[in-house]
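A.B. asks: This is the structure I have questions about; it appears just below.
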């Protein structure tokens with residue numbers, strides 16, 4: 094694995110050794126990826142200059158941002174925090190400090206600059222080595238084996254000199270599953286994995302507020318099949334809940 098997590102997603106470092114499989118994008122060969130929806134297209138006046146320097150050229154749709162409960166899981170000792178997003182604050186006139194929280198702006202998949210414009214053309218990573226290690230930990234735990242080695246290889250890079258106090262110690266099967274699922278959130282944030290992870294762990298009704306409030310709507314785990322599919326394939330049956 095690469096020592097600096099942010100370098101995995103550097104536009105100029107595509108296809109590095111940690112990447113196992115990715116969908117490639119390039120200038121003049123593709124339009125923006127879906128990550129354009131998460132970058133910032135404007136920011137409040139009196140924003141923290143240090144954060145703005147990291148954010149750089151604005152662009153994108155600014156439609157989505159990181160949920161508060163996900164943000165709370167990251168610590169400053171975890172390099173995945175600064176490698177994944179930048180917290181933007183504006184000036185609070187009452188305290189004269191940059192303490193008014195505005196939102197989190199992604200650093201993974203933030204594209205490239207050409208002619209003063211930001212283009213979201215990072216490769217969409219399907220599999221990388223840290224993901225494989227966490228899948229190994231998941232499989233080992235399912236087989237009643239100790240997943241500590243795979244988990245700690247991921248954590249050792251994430252926490253660096255602070256790793257010792259974040260060492261994973263195997264516990265019950267249920268506790269290990271919870272730890273592995275959270276580790277996948279921290280490691281693979283913005284990489285399109287978490288929804289499938291929580292379905293696989295059967296945790297959607299526990300972890301997604303909507304499904305906690307509407308337990309009768311679990312049919313929405315699946316999307317409806319389109320009328321085009323149903324018309325073309327008469328033997329295909331519509332997913333439950335959409336009949």
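Residue numbers (the numbering used here): 94 to 336.
Cβ atoms here follow ideal geometry from the backbone N, Cα and C, with glycine treated the same way.
Please read all numbers here as calculations on a predicted model, not as lab measurements.
1) Could you give the DSSP three-state label for residue 179: helix, strand or coil?
2) Only counting runs of 4 or more residues, tell me where the alpha helix (DSSP H) segments fall wholly within the segment 219-300, in order along the chain.
3) I'd like the list of long-range same chain contacts for residue 191, defined as Cβ closer than 6 Å, with 5 residues on each side in sequence excluded.
4) Would you tell me roughly how many angstroms separate the C-alpha atoms of residue 295 and residue 267, rounded to the nearest one?
5) Please classify residue 199: does DSSP put it in a helix, a strand, or coil?
6) Excluding five sequence neighbours on each side, which residues of the same chain lie with their C-beta closer than 7 Å to the C-beta of residue 270?
7) Taking the continuous beta strand (DSSP E) assigned at residue 210, which residues delimit it?
8) Is there contact between the segment 194-209 and the segment 98-106, where contact requires at least three CB pairs shorter than 8 Å?
9) The alpha helix (DSSP H) spanning residue 162 covers which residue range?
10) Roughly how many angstroms separate the alpha carbons of residue 193 and residue 248, rounded to a whole number?
11) Which same chain residues end up closer than 7 Å to residue 154 when comparing Cβ atoms and leaving out the 5 residues on each side of it in sequence?
12) Using C-beta distances below 8 Å, list every residue in its chain close to residue 301, excluding the 5 sequence neighbours before and after it, in chain order.
13) Is the number of C-beta pairs between the segment 296-315 and the segment 250-265 that are closer than 8 Å three or more?
14) Give me the residue from 201, 166, 332 and 170 with the minimum Cα distance to residue 127.
15) Select from 195, 151, 172 and 149 the residue whose C-alpha is nearest the C-alpha of residue 137.
16) I'd like to confirm the pairing. Which residues does DSSP put opposite residue 133 in its beta bridges?
17) For residue 107, which three-state DSSP category applies?
18) My guess is that residue 222 and residue 113 are in contact by the Cβ rule of under 8 Å, so how many angstroms apart are they, rounded?
19) On the DSSP bridge assignment, give the partners of residue 116 in chain order.
20) Just to confirm my understanding: we take residue 119, look at its own chain, exclude 5 residues before and 5 after, and list those with CB closer than 7 Å. What are they?
C.D. replies: Put simply:
1) Counting from 1 along the chain shown, the entry for residue 179 is found at position 86. DSSP places residue 179 in strand when its eight states are reduced to three.
2) 222-235, 241-252, 266-280, 287-293 and 297-300
3) Position 98 of the chain shown holds residue 191. Taken in chain order, the residues that qualify are 141, 182 and 184.
4) On the chain shown, residue 295 is found 202 positions in, with the first residue counted as 1. On the chain shown, residue 267 is found 174 positions in, with the first residue counted as 1. Their backbone Cα atoms lie some 12 Å apart in a straight line.
5) Stepping through the chain shown from its first residue, residue 199 is reached at position 106. Of the three classes helix, strand and coil, the one that applies to residue 199 here is strand, per DSSP.
6) Position 177 of the chain shown holds residue 270. Excluding sequence neighbours, residue 270 sits near 234 and 294.
7) Here residue 210 is taken as the residue at index 117 of the chain shown, counted from 1. Counting along the chain, the beta strand (DSSP E) containing residue 210 begins and ends at 210-212.
8) yes
9) As a working note, residue 162 is residue 69 in the chain shown. Element bounds for residue 162: 161-164.
10) Sequence index remark: in the chain shown, residue 193 carries index 100 (1-based). Sequence index remark: in the chain shown, residue 248 carries index 155 (1-based). If I take the Cα positions, the gap works out to 31 Å.
11) Start at 1 with the first residue of the chain shown, and residue 154 comes out as number 61. Closer than 7 Å at Cβ, skipping near neighbours: 129, 130 and 134.
12) By 1-based counting over the chain shown, the position of residue 301 is 208. Here the set comprises 291.
13) no
14) The count along the chain shown starts at 1 and reaches residue 127 at position 34. Of the listed residues, the one whose Cα sits closest to residue 127 is 201.
15) As a position in the chain shown, residue 137 is number 44, starting the count at 1. Among 195, 151, 172 and 149, the Cα nearest to that of residue 137 belongs to 195.
16) One-based indexing of the chain shown puts residue 133 at position 40. Answer by DSSP bridge pairing: none, since residue 133 is not bridged.
17) Taking the chain shown and counting its residues from 1, the one referred to as residue 107 is at position 14. Residue 107: coil per DSSP, three-state reduction.
18) Your numbering for residue 222 matches position 129 in the chain shown. Your numbering for residue 113 matches position 20 in the chain shown. With 8 Å as the limit, residue 222 and residue 113 qualify as a contact, their Cβ atoms being about 7 Å apart.
19) Here the question's residue 116 lines up with position 23 in the chain shown. BP columns for residue 116 point to 217.
20) Along the chain shown, read from residue 1 onward, the residue named residue 119 stands at position 26. The answer, listed in chain order, is 214.
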